[in-house]
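Residue numbers (my numbering), protein chains in the order written: chain E, 8 to 513; chain S, 4 to 268.
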């Protein structure tokens, strides 16, 4: 197990981090705050430019002649049906986060928009919905697509191991098997650990809020840690027993449950209002796409963009190795055009529907009925969903269903993450050793716990941004490698067929 | 193959310089040198230029080099290439300009324009071979990617074999996208280099084969400087927009090497 350098070095780095948190949580918090501040101050623009570039890259690639190339051998066909594929895409990409922020984000923006917008106004509500779409729309999926496309192309079409470093072969050649390749894979492990830890932390906080809301369980760090411990044991059992089939079934059930919840809210809630929100925000989103994509507002309201947009971009980047490997696995046999258009548009539309229903419902309650949820969400963002449910028939069932969703998302995400981390630290082996999966399971839960103890939600967000920065550059270089590899396909016929003229030109 | 040679002059050259250059290029089988001077429209005395050129033609005739001269007006590079086509020249011979790198980067140079506009081979004479001392081309590098525009280039290489003893065939390829394909690419490159070796064996006394991966321009410059080659032969492609924007391999090589460059369109 300890022969793999990527495994040993990544584990050592994360262990040092965890130990630092155990020995002096304040020091860790101050250190991460300083690092995060420096990154935001100096590289915020890089996140924004990169996010926009990834989207443009995906669109150009889908429309280019390379769009017909398959993510697999030419004769291969897609393994999953469209419905199965879209369900899994949606679950992998968003999961816990969407449940956490579905209500909380629009309300947070509505109550506390950038300085140039008056809070709690119609303008703030429009802004809130538009930016919720923006943060969860095309850009995150473009980031995921770059990663998964690289992995799928180089592993299924080129027969290389499903590692991030494999995607760098056109640039690095055999050096991917040396320190440079290890470095890339270590960055991927590092980003995954902190990206997942952020999601697990958010999930645990919200489960705690839900349990407090429903059963009066105190909302405290200790309880959140106990929830992390409990869910960790659940996913460790799942990883140990190898309940792959069970996890798959649970994932599908989860998606089904999420759809039922969505439909119920749409029917039981202010349907026309929600559909108006959906239609209006789609228009605003498309119309302001370019401006939003590059807005860092250096003159006014920059703090807001730092806290929200930059955090999200970093979070998506940090999640990309994990989601990338998963999405790559389920997309084998599709053409690049089909893959990009499907993964870019369908989950985005589903996300928009989710925000329109949950965000729309919360804004309806706030604007039209003066429910006062916004102020409470400002106090504790994790309570938003349950406060909205209180205004719907069958609130108890809805809240319990949401908690169940959160727990299952937590378990399936964590289980999948341990699996992906195992692959990344076992030279891309599709069946990583159980011991490694257990080590990574304990590690990622420990990181989430340490971050929660040291600085709570803010610490989680800070570490996601910090871990994502180097990986942002990895993704940019990956675009170059993907393009280069695709461009070389046409040349390869020369030497594959041993034909070709004895030409000479430069 | 290099029988009719167009040699542009800006009239700042001394008679000795013109003679040296003409005798150098003439030795590659030259039969006639056409001295061309392009004037700015409406500026200068055309008849005076004509008479100065005639004087140079006479001087070349006195050392056994057959020459004639032409004076035209217009955009310098366009006129040089147009005249070369009109007189059915085989090659345009350009001495390297010593323009400041910043000036040439921003404003371009006549040499670059001629290379870009010409549909004929262009021989760009740089620091090597040094005219004053040796005037001899000893080591030739033929850079190849085994692709288009090829047969034309290797016919020139074969011709140069009559005057040059040592040839290095350099292939700079792009790394394939995966190890298996890369292995195939390497085997293909070795096979193609061997075929070229067999093709040029009768023309050169000494042939070396080299294969590299990466940026063609960077590796060509690197190899040429490392082995102190005197001349590089390159086939020229009409490269697509992004490559043009970043500088084509040809223009990067011609500006980067100290050796002379023969560009075959």
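Using N, Cα and C, we set each Cβ at its ideal position, and we do this for glycine too. Computed from a prediction, not measured in an experiment: that's the story for all the values here.
Self-check item: Min CB distance residue 222 of chain E to chain S below 7 Å
Solution: Numbered from 1 along the first chain, position 215 holds the residue referred to as residue 222 of chain E. Not an interface residue.
Exercise. Provide the residue span of the alpha helix (DSSP H) that contains residue 49 of chain S, from first to last.
Key: Here residue 49 of chain S refers to the residue found at position 46 of the second chain. For residue 49 of chain S, the enclosing alpha helix (DSSP H) stretches over residues 49-65.
Quiz item: For residue 123 of chain S and chain E, any beta-carbon pair shorter than 7 Å?
Solution: One-based indexing of the second chain puts residue 123 of chain S at position 120. By this cut-off, residue 123 of chain S is not an interface position.
Quiz item: Regarding residue 197 of chain E and the ligand ADP, is the C-beta to nearest heavy atom distance less than 6 Å?
Solution: Absent from the structure shown: the ligand ADP. Ligands present: none.
Exercise. Using a Cβ cut-off of 8 Å, pull out every chain S residue sitting near residue 167 of chain E, in sequence order please.
Key: Residue 167 of chain E sits at position 160 when you count from the first residue of the first chain. In chain order, 181 and 182 make up the part of chain S whose C-beta sits under 8 Å from the C-beta of residue 167 of chain E.
Quiz prompt | Identified DSSP bridge partners for residue 467 of chain E | solution = By 1-based counting over the first chain, the position of residue 467 of chain E is 460. Per DSSP, none; premise fails for residue 467 of chain E.
Self-check item: Interface residues of chain E facing residue 216 of chain S [CB-CB closer than 8 Å]
Solution: The count along the second chain starts at 1 and reaches residue 216 of chain S at position 213. At a beta-carbon threshold of 8 Å, the residues of chain E lying near residue 216 of chain S are 180, ordered along the chain.
Exercise. Quick one: list the residues of chain S neighbouring residue 495 of chain E, beta-carbon separation under 7 Å, in chain order.
Key: Counted from its first residue, the first chain places residue 495 of chain E at position 488. For residue 495 of chain E, the chain S residues whose Cβ falls inside 7 Å of its Cβ are 177, 179 and 180, in order along the chain.
Quiz prompt | Closest by C-alpha distance to residue 170 of chain E, when choosing among E:195, E:151, E:179 and E:153 | solution = The residue given as residue 170 of chain E occupies position 163 in the first chain. Selected option, being the one with the closest Cα: E:195.
Quiz item: How is residue 88 of chain E classed by DSSP in three states: helix, strand or coil?
Solution: Sequence index remark: in the first chain, residue 88 of chain E carries index 81 (1-based). If DSSP states are grouped into helix, strand and coil, residue 88 of chain E belongs with coil.
Quiz item: What does residue 177 of chain E touch in chain S if you count any residue whose Cβ is under 7 Å from its own?
Solution: As a first step, residue 177 of chain E is located in the first chain; it is residue number 170 there, counting from the start. Going along chain S in sequence order, the residues near residue 177 of chain E (Cβ under 7 Å) are 178 and 180.
Quiz item: Using a beta-carbon distance below 7 Å, is residue 492 of chain E in contact with chain S?
Solution: As a working note, residue 492 of chain E is residue 485 in the first chain. At least one chain S Cβ lies under 7 Å of residue 492 of chain E.
Self-check item: Per-residue burial, residue 7 of chain E [other beta carbons within 10 Å of its own, 16 or more giving buried]
Solution: A question about residue 7 of chain E goes unanswered here, because the residues of chain E that appear run from 8 up to 513.
Quiz item: Does residue 196 of chain S come within less than 7 Å of chain E when only Cβ atoms are used?
Solution: On the second chain, position 193 is the one that residue 196 of chain S refers to. It does not: the Cβ of residue 196 of chain S has no partner Cβ on chain E nearer than 7 Å.
Practice problem: Could you please give the first and the last residue of the uninterrupted beta strand (DSSP E) stretch that includes residue 204 of chain S? | Solution: Here residue 204 of chain S refers to the residue found at position 201 when the second chain is read from its first residue. Taken as a continuous stretch (DSSP letters only), residue 204 of chain S belongs to no beta strand (DSSP E), as it is neither H nor E.
Practice problem: Leaving aside the five residues before and after residue 154 of chain E along the sequence, list all residues of the same chain whose C-beta is less than 6 Å from its C-beta, in chain order. | Solution: To locate residue 154 of chain E, count along the first chain from 1; it is residue 147. For residue 154 of chain E, same chain residues with a beta-carbon under 6 Å away, outside a window of 5 residues either side, are 327 and 331 in chain order.
Exercise. Taking all protein chains shown into account, decide if residue 75 of chain E is buried (16 or more other Cβ within 10 angstroms of its Cβ) or exposed.
Key: In the first chain, residue 75 of chain E corresponds to position 68, counting from 1. Result: exposed.
Exercise. Using a Cβ cut-off of 7 Å (strictly closer), state whether residue 310 of chain E contacts chain S.
Key: Mapped onto the first chain, residue 310 of chain E falls at position 303. No, residue 310 of chain E does not count as interfacial toward chain S.
Quiz item: Got a sec: is the Cβ-Cβ distance from residue 142 of chain S to anything in chain E below 7 Å?
Solution: One-based indexing of the second chain puts residue 142 of chain S at position 139. Not closer than 7 Å to any Cβ of chain E, the Cβ of residue 142 of chain S fails to qualify, so no.
Self-check item: Under the three-state DSSP convention, the category residue 494 of chain E falls into
Solution: Locating residue 494 of chain E in the first chain gives position 487, counting from the first residue. Here residue 494 of chain E sits in helix by DSSP.
Self-check item: Within chain S, the residues that residue 161 of chain E reaches when beta carbons sit closer than 9 Å
Solution: Position 154 of the first chain holds residue 161 of chain E. The answer, in chain order, is 180 and 181.
Quiz item: What residues from chain S crowd round residue 266 of chain E, counting only those whose CB sits closer than 7 Å?
Solution: Working through the first chain from its first residue, we reach residue 266 of chain E at position 259. Residues of chain S with a Cβ closer than 7 Å to the Cβ of residue 266 of chain E do not exist, since the nearest Cβ in that chain sits about 39 Å away.
Quiz item: Any idea what DSSP makes of residue 129 of chain S, helix, strand or coil?
Solution: Counted from its first residue, the second chain places residue 129 of chain S at position 126. DSSP places residue 129 of chain S in coil when its eight states are reduced to three.
Quiz item: Per DSSP, residue 71 of chain S is paired with what?
Solution: Here residue 71 of chain S is taken as the residue at index 68 of the second chain, counted from 1. Per DSSP, S:37.
Practice problem: Note down the Cα distance separating residue 169 of chain S from residue 201 of chain S, rounded to an integer number of angstroms. | Solution: Against the second chain, residue 169 of chain S aligns to sequence position 166. Against the second chain, residue 201 of chain S aligns to sequence position 198. C-alpha separation (whole angstroms): 14 Å.
Practice problem: Classify residue 140 of chain E as helix, strand or coil using the three-state DSSP reduction. | Solution: Reading the first chain from its first residue, position 133 is the one you call residue 140 of chain E. Note: residue 140 of chain E maps to helix in three-state DSSP.
Practice problem: Flag this pair as yes or no: are the beta carbons of residue 577 of chain E and residue 325 of chain E separated by less than 7 Å? | Solution: Only positions 8 to 513 of chain E appear in this structure, which leaves residue 577 of chain E out of reach.
Practice problem: Give the residues of chain S in contact with residue 60 of chain E, contact being defined as C-beta atoms less than 8 Å apart. | Solution: Working through the first chain from its first residue, we reach residue 60 of chain E at position 53. Per Cβ cutoff of 8 Å: no residues; residue 60 of chain E is ~16 Å from chain S at best.
Quiz item: Would you call residue 19 of chain S buried or exposed, if buried means 16 or more other Cβ atoms sit within 10 Å of its Cβ?
Solution: In the second chain, counting from the first residue as 1, residue 19 of chain S sits at position 16. Label assigned to residue 19 of chain S: exposed.
Quiz item: When DSSP labels each residue in this structure, what does residue 259 of chain S get in the three-state scheme?
Solution: For the purposes of this step, residue 259 of chain S is taken as residue 256 along the second chain, with counting starting at 1. Residue state, collapsed to three classes: helix.
Quiz item: For residue 212 of chain S versus residue 187 of chain S, is the C-beta spacing smaller than 7 Å?
Solution: In the second chain, counting from the first residue as 1, residue 212 of chain S sits at position 209. In the second chain, counting from the first residue as 1, residue 187 of chain S sits at position 184. Not in contact: residue 212 of chain S and residue 187 of chain S (Cβ atoms no closer than 7 Å).
Practice problem: Examine chain E for any beta-carbon lying closer than 7 Å to the beta-carbon of residue 277 of chain S, and answer yes or no. | Solution: Given that chain S is displayed from residue 4 to residue 268, the structure contains no residue 277 of chain S and the question cannot be resolved.
Quiz item: What is the rounded straight-line gap between the Cα of residue 438 of chain E and the Cα of residue 502 of chain E?
Solution: On the first chain, position 431 is the one that residue 438 of chain E refers to. On the first chain, position 495 is the one that residue 502 of chain E refers to. Using only the alpha carbons, I get a separation of about 34 Å.
Exercise. Compute the beta-carbon to beta-carbon distance between residue 98 of chain S and residue 128 of chain S, rounded to the nearest angstrom, for a pair I have assumed lies under 8 Å.
Key: Here residue 98 of chain S is taken as the residue at index 95 of the second chain, counted from 1. Here residue 128 of chain S is taken as the residue at index 125 of the second chain, counted from 1. Their Cβ separation, rounded to whole angstroms, is 5 Å, which keeps residue 98 of chain S and residue 128 of chain S in contact under 8 Å.
Quiz item: In terms of residue numbering, what span does the beta strand (DSSP E) encompassing residue 212 of chain S cover?
Solution: Along the second chain, read from residue 1 onward, the residue named residue 212 of chain S stands at position 209. It spans 209-216 - the beta strand (DSSP E) in which residue 212 of chain S sits, taken as one unbroken run.
Exercise. For residue 92 of chain S, I'd like the list of residues in its chain whose CB is within less than 7 Å of its CB, leaving aside the five on either flank, ordered along the chain.
Key: To locate residue 92 of chain S, count along the second chain from 1; it is residue 89. Same-chain partners within the cutoff: 7, 8, 9, 37 and 123.
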